[in-house]
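In the working numbering, the protein residues as written are 265 to 350.
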């Protein structure tokens, strides 16, 4: 397709720099820039939806939660004691 565009001076300078840098034609540089720009612009791409299944986590029957808490406290106290001995 042939068309006429009015290009802003700052964009013209960017195009000319890219043409000099790459040695490519203005047509190629403009087409690539438009492709890249049109690929980025427009509707933002949405991440695919996913579902998270809820699971009822809990302790098995017979597990004493208070005893677990005491164990964690003991381990933490031992860790602090080791740090203080350094």
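C-beta atoms are modelled at their ideal positions from N, C-alpha and C, and glycine is treated no differently.
The structure displayed is predicted, hence computed values, not measured ones.
Q.
I need the straight-line Cα distance from residue 306 to residue 300, nearest angstrom please.
A. Bear in mind that the predicted position of residue 306 carries a pLDDT of just 46, short of 50, making it too unreliable to give a figure here.
(message) Given a cut-off of 8 Å on the beta-carbon distance, is the pair residue 293 and residue 282 in contact?
(response) Cβ distance < 8 Å, so residue 293 and residue 282 count as in contact.
inquiry  = Could you tell me the alpha carbon to alpha carbon distance between residue 329 and residue 313, rounded to whole angstroms?
reply    = So the two alpha carbons sit approximately 37 Å from each other.
Practice prompt. Give me the Cβ distance between residue 290 and residue 279, rounded to the nearest whole Å; I'm assuming they're in contact under 8 Å.
Written response: Right, the Cβ-Cβ distance comes to about 7 Å (below 8 Å), so this counts as a contact.
Separation of residue 335 from residue 324, as counted between CA atoms: Each residue's Cα considered, the two are about 17 Å apart.
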